[in-house]
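Read top to bottom, the protein sequences are chains A and B.
Going by the working numbering, the first sequence opens with residue 78, and the numbers climb by one from there.
Going by the working numbering, the second sequence opens with residue 1431, and the numbers climb by one from there.
Glycine included, each C-beta is placed from N, C-alpha and C at the ideal position.
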Amino acid sequence: MTADTVIIGLGNLYLRDEGVGVRVVRALSERGGLPEGVETLDLGTGGLTVLHALNGRRRAVIVDCAMMGEAPGAWRRFGPDEVQSRKVTMRYSLHEGDLMQTLELARKLGECPADVRIIGIQPERVEPGEELSPALQERFEEYVRAVAEEAG
Amino acid sequence: MSKTITIDPVTRIEGHSKITIHLDDKGKVEEARFHVTQFRGFEKFTEGRPFYEMPAITARICGICPISHMLASAKAGDELLAVRIPPAAERLRRVLHMGQTVQSHALSFFHLSSPDLLLGMDADPVERHILGLAARHPDLARDGVWLRMYGQQIIEHLAGKRIHPAWAVPGGVSRPLSSESRDQILEQTPRAFDIAQRALDLFLSVIEKFEPEIETFANFPTLFFSQVTRNGELELYDGPLRITDAKRKIVADHIDPSSYDEHIGEASVPWSYLKAPFYRPMGYPDGIYRVGPLARLNNADRCGTPRADAALEAFRALAKGAVLSSFYYHHARLIEILYALEQIEALLKHPDILSPRVRAAAEPNRTDGVGVAEAPRGTLIHHYRINDDGQITWANLIVATGHNNLAMNRGITQAAKKFVKGSSLKEGALNRVEAVIRCYDPCLSCSTHALGQMALRVQLMDREGHVLDEQKRV
């Protein structure tokens, strides 16, 4: 049975801050305690796999690193429509740019959850490596709480 | 005064790179170059890692074909252990690989190529993408999404739900297949066949509109490079390497994949971090070759499965020797989807497929290991050296987009000469140059080993480096 709510973490674990979305979702999944009917998915740089993960859900929370012109470590919560209207576009990599397109495709195919929320986290360093930069490490618990609240 | 043209993001392919189109003194296209501007940092990054972690790490290089990296890496690991993996493990790896092939080829055809094919090369770029296709041909878009999902579900059944599973390991696989999973996949397969056949029929019904493109989309003699089975059939997971020429004559055969570096040289070109491999006996640049679906079908004597072989007849009829136009990569990809589906069905019906014996345990017994598989885009080579503690001391990855580098450069030059006129970039011409690149379905993130996914840029400039035209598409 497909869970009502899905939390999707996106990013590349080996590109430092780029992998923050995956780390948040892993932390949520390892700690447990999410309400029933909430599923967590590490979709890495899976791009279109997001489309399959959305189908049949009522609510989706997507967490990803995003170039938003904010201070490193800052995070914002927005819906797919706000990204267009406020031009918070994420162009650094395809899986980000593609995310908005994937959501639109899901809508066109009638497979998009009514409620989609994106948590974007401004990176400091996107380069080969596995450690989050200090600006993100310091606020990591904040991200985990924010995502859990969206799904609660 | 001579001039060069630059165009901005090539839509719909991953990677951050650039095409420049160079004009001569008379304003005619002289050459086009495909630049990739990222460092190859990945091999360095892996040094010091335990080799058995490599399948999971390399699977995260790229979101498009993680499974191919995982399998090539696990195969290099098998070599380091010096074991032959259990037969059921090999069958399961093959099923996984075929699932990957279906999902990747479906993505390439439905999402990247069919907008050009169905909406037209000159269609408004605002419409000419998967969303436009979904609006105009919703059933086709749905077919594409479903077929991609079918391949993706095979991966999930075997390797778990996460996108980058660590399921294939040196020595075999970490978990056998359940009978429920087998039955569910088999139940879905007839629909997958229907969609694949419809896509092939659709392709064949529209190609006559694309004569100028077929004529000039990287349509020239080269060598072709791929694995084949021991008896010369199409092979995507494991087998000796074969090289044929433009007449489909075998140039070299039964090459042990681990001796790849005796046959392939890697030239550096000043404008790109992407190296330019060539066939050593013919030297650089005459040793230009192509890999991927087109090369595989040119190389194989036959597919070895009935539906794919039936479809292969029309492909063979396209040319007396090898099929040379890269436009037919699309055609070859669709035939390979049929082949992959037939393989999935046959492998899953094998009586041994549910066997719990799927992993050989051993310590490292060699310090040098090469793993080779046919990724959706072409031959993928992982080569590792380890120390006595099993840590990587050196790694070399050669990926499909690298192999095809020379052919892509020559291909965009050919298309630019035909379609780019004057000192500005017209939309239709621009798209055709980009579409040559899309034929190869390159994956720039893994070809540069940059561990990320990037966007491609294209430019038109004069010989002094003045930008004559630039078009941005976001």
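Interface flag, residue i vs chain B, CB-CB below 9 Å
i, result
"Gln-178(A)", "yes"
"Thr-82(A)", "no"
"Leu-105(A)", "no"
"Val-221(A)", "no"
"Leu-131(A)", "no"
"Glu-218(A)", "no"
"Glu-159(A)", "no"
"Val-165(A)", "Below a pLDDT of 50, predicted positions are generally treated as unreliable, and Val-165(A), at 36, falls in that range; the measurement from the model is reported next regardless. No - not a single Cβ of chain B is within 9 Å of the one on Val-165(A)."
"Ser-162(A)", "In this prediction, Ser-162(A) has a pLDDT of 38, which is less than 50 and means its spatial position is unreliable; what the coordinates show is noted afterwards. No, Ser-162(A) lies away from the interface with chain B (no Cβ there is under 9 Å from its Cβ)."
Under the three-state DSSP convention, the category residue i falls into
i, result
"Ala-1402(B)", "Residue 1402(B) falls outside the range modelled here, since chain B spans only 1431 to 1904, and no answer is possible."
"Tyr-1814(B)", "strand"
"Ala-1880(B)", "A caution first: Ala-1880(B) carries a pLDDT of 33, below 50, which makes its placement in the model too unreliable to give a value."
"Ala-130(A)", "helix"
"Gly-98(A)", "helix"
"Gly-206(A)", "strand"
"Asp-1819(B)", "coil"
"Asp-1508(B)", "helix"
"Ile-1560(B)", "helix"
"Phe-1623(B)", "helix"
"Leu-1656(B)", "Note that residue 1656(B) corresponds to Ser in the displayed sequence, not to Leu. Strand."
"Ile-1867(B)", "helix"
"Arg-1796(B)", "coil"
"Arg-19(A)", "There is no way to answer for residue 19(A), as the model of chain A reaches only from 78 to 229."
"Gln-199(A)", "coil"
"Ala-1825(B)", "strand"
"Ala-1462(B)", "strand"
"Phe-1708(B)", "strand"
"Ser-1785(B)", "coil"
"Tyr-220(A)", "helix"
"Asn-1649(B)", "strand"
"Val-1721(B)", "coil"
Within-9 Å CB hit, residue i to chain A
i, result
"Pro-1545(B)", "no"
"Ile-1560(B)", "yes"
"Pro-1736(B)", "no"
"Lys-1848(B)", "no"
"Pro-1480(B)", "no"
"His-1760(B)", "no"
"Pro-1555(B)", "no"
"Leu-1537(B)", "yes"
"Pro-1806(B)", "no"
"Phe-1745(B)", "no"
"Gln-1889(B)", "no"
"Pro-1568(B)", "yes"
"His-1541(B)", "yes"
"Phe-1472(B)", "yes"
Under 8 Å by beta carbon: chain A residues contacting residue i
i, result
"Val-1897(B)", "The premise fails here: Val-1897(B) is roughly 21 Å from chain A at the closest Cβ pair, so nothing lies under 8 Å."
"Ala-1565(B)", "Lys-185"
Under 8 Å by beta carbon: chain C residues contacting residue i
i, result
"Glu-226(A)", "No chain C is present in this structure, whose protein chains are A and B."
Unbroken alpha helix (DSSP H) run spanning residue i, endpoints
i, result
"Tyr-1769(B)", "1759-1778"
"Phe-1540(B)", "Where Phe-1540(B) is concerned, there is no enclosing alpha helix (DSSP H), given that its DSSP letter is neither H nor E."
"Thr-1831(B)", "1830-1833"
"Leu-1748(B)", "Element bounds for Leu-1748(B): n/a, residue is neither H nor E."
"Val-1575(B)", "1568-1589"
"Thr-1488(B)", "1484-1488"
Residue i: first and last residue of the uninterrupted beta strand (DSSP E) it sits in
i, result
"Trp-152(A)", "152-155"
"Gly-1695(B)", "1694-1697"
"Thr-122(A)", "That residue, Thr-122(A), is in no beta strand (DSSP E); it is neither H nor E in DSSP."
"Leu-87(A)", "82-87"
Under 9 Å from the C-beta of residue i: neighbouring residues of chain A
i, result
"Arg-1572(B)", "Leu-186"
"Phe-1475(B)", "Tyr-91, Pro-205, Gly-206"
Under 7 Å by beta carbon: chain A residues contacting residue i
i, result
"Lys-1591(B)", "Leu-118"
Cross-chain neighbours of residue i in chain B, by beta carbon under 7 Å
i, result
"Glu-181(A)", "Leu-1561"
Quiz prompt | Proximal residues, the stretch 199-214 of chain A versus chain B, C-beta separation under 9 Å | solution = Val-203, Glu-204, Pro-205, Gly-206
Quiz item: Mind listing which residues of the stretch 109-143 of chain A have their C-beta closer than 7 Å to chain B's C-betas, in chain order?
Solution: Leu-118, Asp-119, Leu-120, Gly-121, Thr-122, Gly-123, Gly-124, Leu-125, Thr-126, Leu-128, His-129
Quiz item: Which residues, in chain order, does the stretch 1573-1589 of chain B contribute to contact with chain A at a C-beta distance below 7 Å?
Solution: Val-1575, Arg-1578, Met-1579, Gln-1582
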